[in-house]
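Encoded as structure tokens, the structure appears first; notes follow it.
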Amino acid sequence: MKYDIAIIGGGPSGMMAAGRAGELGANVILLEKNFKLGVKLLATGGGRANITNFKSNMELANSFGSKGHWLLSGLSKFGPKELIEFFNVRGLKTKIEENNRVFPQSNSAQDVLQVLIDYLKSSKVEVRLKVEVKSVVKTENKIKKLILSDGKEILADKFIICSGGKAHPSTGSTGDAYIWLKQLGHTIIDPRPALTPVILSDKFIKDLEGLSLKEVKISCYQNNKKLCSAIGSVIFTANGISGPIILNMSEIIGRQDPKDLQIKIDFFPDLDFSQLDKKLQEDFSSSNKIFKNALNQLIPPKLVDTLIDLSGIDPFKKLNLITKEERKTLLYLLKEFNLTVSGLAGYDIAMATAGGVDLKEVDSKTMQSKIIENLYLAGEILDLNGPTGGYNLQLCWTSGYLAGENAIF
Ligand SMILES: Cc1cc2nc3c(=O)[nH]c(=O)nc-3n(C[C@H](O)[C@H](O)[C@H](O)COP(=O)(O)OP(=O)(O)OC[C@H]3O[C@@H](n4cnc5c(N)ncnc54)[C@H](O)[C@@H]3O)c2cc1C
């Protein structure tokens, strides 16, 4: 049997593409190697699925950085507004949380998946689970068929590759398509983990595991030149730091040689150096409290011993005996707490993949390959990735919808 459209990958982009093409009357097969659809989708937003970010299409596109404009025409066809409506008319109520992040009102990624499964059913898509595509066969400038791991073949007029990137390979996203796409003549921008924690080499890091800080300023430096900076929360892990601002910075960090990088934490971003110094002077000058107890009131208890070690100040020294030099040392530790980057956590932990199919080779209005006539691409396989906050799923919905809609012609 020959299908109108064969789609590889039952993630958000593949389900959206299949549903849309089927809804418009195409005879569609969706191939997924897992035993169920949307395995990664279920893990999104901590199981709550942050499905999009509700802002203007222009602002949303800009959040993807310099390549974001590529998504603009797609967003004008199927952006956050259309997506929310898509879910709402299918019975899934949504809510908007802090920073415009959109979630299902039920806080359940499973409910999001169920809408997509129902969409596939009503669009009469043939879903085949536990089938792995092994290779793609091309004749002249067209894909002719797919070969499955059991040797069977899938014939179709059009093909949509939605097999994701390499992040969280345990969910099935193992980067299989990069090899086929290279063989088909596409350029693959080197994939690397994105939205992933930063690994630090400082010995004291293991003592800080579990420490969570709110409203601190994080800055990343390369050889003392500031690369980026943001205010927000961070969490210390067994070997590094994580949290939304760190995950977002990992994109910039991943592009540099880690050996030249430092991260500095400003624990008091609301006070400049002289204001904080004044506060320390006032607190210290007439107090005969001991240093360690004073620090306990200034910073989270978990940080106190590390700061004492790094400052070299006797923890039992009376505050009014602390010298100006000692106060300056403390001031720098509080304003520029220095951490040494050794790299990024890998694909096992990463939430996204940077790199992928070069956008210059994909028509942004239709998601059609400019290299292979009957091929369309959608989702994380593309060389576009955004920060945390619903952007990456919106990329999948937009590109999947466009690919499904355009592949029917
Ligand atoms: C822990 C975590 C939390 C996240 N939270 C959010 C969030 O809240 N909001 C947000 O916007 N983004 C989030 N993301 C990112 C988001 O999940 C991805 O952007 C999105 O899942 C990518 O969708 P996709 O359809 O392109 O690929 P995937 O979801 O990776 O789906 C690809 C599918 O293709 C299948 N496949 C691969 N190769 C083959 C093959 N050879 N044969 C058959 N099938 C194959 C895979 O099994 C997989 O099911 C999160 C990611 C992670 C890991």
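Numbering follows my numbering, with no gaps: position 306 of the sequence shown is 310.
Every residue, glycine too, gets a C-beta built ideally from N, C-alpha and C.
Please read all numbers here as calculations on a predicted model, not as lab measurements.
Using the rule of at least 16 other Cβ atoms within 10 Å of the residue's Cβ for burial, across every protein chain shown, is residue i buried or exposed?
| i | result |
| --- | --- |
| Val361 | buried |
| Phe82 | buried |
| Met19 | buried |
| Ser254 | buried |
| Met371 | buried |
| Leu133 | exposed |
| Gly50 | exposed |
| Lys339 | buried |
| Asp270 | buried |
| Lys37 | buried |
| Asp276 | exposed |
| Ile245 | buried |
| Ile174 | Correcting the residue identity first, residue 174 is Ser in this sequence and not Ile. Its Cβ having fewer than 16 others within 10 Å, Ser174 is exposed. |
| Phe288 | buried |
| Asn227 | exposed |
| Gly29 | exposed |
| Ser315 | buried |
| Asn389 | buried |
| Glu63 | exposed |
| Glu219 | exposed |
Between the Cα of residue i and the Cα atoms of the options, which residue gives the shortest distance?
| i | options | result |
| --- | --- | --- |
| Ser291 | Asn324, Thr370, Lys306, Gly316 | Asn324 |
| Val116 | Ile303, Leu280, Ile88 | Ile88 |
| Leu379 | Asp387, Asn389, Glu365 | Glu365 |
| Leu215 | Ser237, Cys232, Thr200 | Ser237 |
| Leu343 | Met355, Cys224, Asn92 | Cys224 |
| Leu363 | Phe91, Ile375, Arg24 | Ile375 |
| Gly42 | Gly383, Asp264, Ala234 | Gly383 |
| Gly13 | Ala234, Lys6, Lys44, Asn300 | Lys44 |
| Ile121 | Lys162, Met62, Gly23 | Gly23 |
| Pro201 | Pro319, Lys71, Ile267, Gly408 | Ile267 |
| Pro16 | Ser177, Asn31, Leu265 | Ser177 |
| Leu431 | Leu265, Leu251, Lys221 | The shown model of the chain, from 5 to 413, leaves out residue 431, and the question about it has no answer. |
| Pro262 | Asn227, Val345, Phe341, Leu185 | Val345 |
| Ile353 | Thr48, Lys148, Val129 | Thr48 |
| Lys322 | Lys40, Leu299, Lys138 | Leu299 |
| Phe90 | Gly408, Ile412, Trp401 | Trp401 |
| Leu335 | Asp194, Ile193, Pro273 | Pro273 |
| Glu101 | Thr56, Gly26, Glu86, Ser60 | Thr56 |
| Lys6 | Ala181, Glu130, Ile317 | Glu130 |
| Tyr182 | Lys138, Ala234, Thr98 | Lys138 |
Which partner residues of residue i appear in the DSSP bridge assignment?
| i | result |
| --- | --- |
| Asn57 | Arg105 |
| Thr357 | Pro197 |
| Lys162 | Ile9 |
| Ile33 | Ala10, Glu130 |
| Ile269 | Ile222, Phe341 |
Is the distance from the Cβ of residue i to the Cβ of residue j below 8 Å?
| i | j | result |
| --- | --- | --- |
| Leu188 | Val141 | no |
| Leu406 | Asn54 | no |
| Ala10 | Leu35 | yes |
| Gly404 | Leu348 | no |
| Lys210 | Ala171 | no |
| Ile385 | Gly168 | yes |
| Thr392 | Pro248 | yes |
| Thr310 | Leu212 | yes |
| Pro108 | Leu96 | yes |
| Arg52 | Asn111 | yes |
| Ile239 | Ile222 | no |
| Glu312 | Pro305 | For the record, residue 312 in the displayed sequence is Ile; it is not Glu. No. |
| Lys162 | Asp8 | yes |
| Phe68 | Pro84 | no |
| Val135 | Leu152 | yes |
| His190 | Ser373 | yes |
| Asp387 | Gly359 | yes |
| Arg331 | Leu284 | yes |
| Glu428 | Lys146 | Missing from the structure shown is residue 428; the chain here goes from 5 to 413 and no further. |
| Leu399 | Leu75 | yes |
| Lys369 | Ser60 | no |
| Ile317 | Ile326 | yes |
| Ala25 | Ala411 | yes |
| Ala356 | Cys166 | no |
| Ile193 | Leu185 | no |
Establish whether the CB of residue i and some CB of chain D are separated by less than 8 Å.
| i | result |
| --- | --- |
| Lys97 | Going by chain labels, chain D is absent from the structure shown, which holds only one protein chain. |
>> Please give me, in chain order, every unbroken run of the beta strand (DSSP E) with length at least 3 that falls completely inside the segment 88-159.
In response: 98-100, 105-108, 130-132, 137-143, 146-152
>> Extract the residue ranges of the beta strand (DSSP E) inside the segment 187-266, only unbroken runs of 3 or more that lie entirely within it.
In response: 192-198, 202-204, 216-226, 229-240, 244-246
> What beta strand (DSSP E) runs, 3 residues minimum, are completely inside the segment 295-367?
Replying inline: Runs found: 341-348, 356-361.
>> Report the start-end ranges of each beta strand (DSSP E) in the segment 361-410 that is 3 residues or longer and not cut off at the edges.
In response: 379-381
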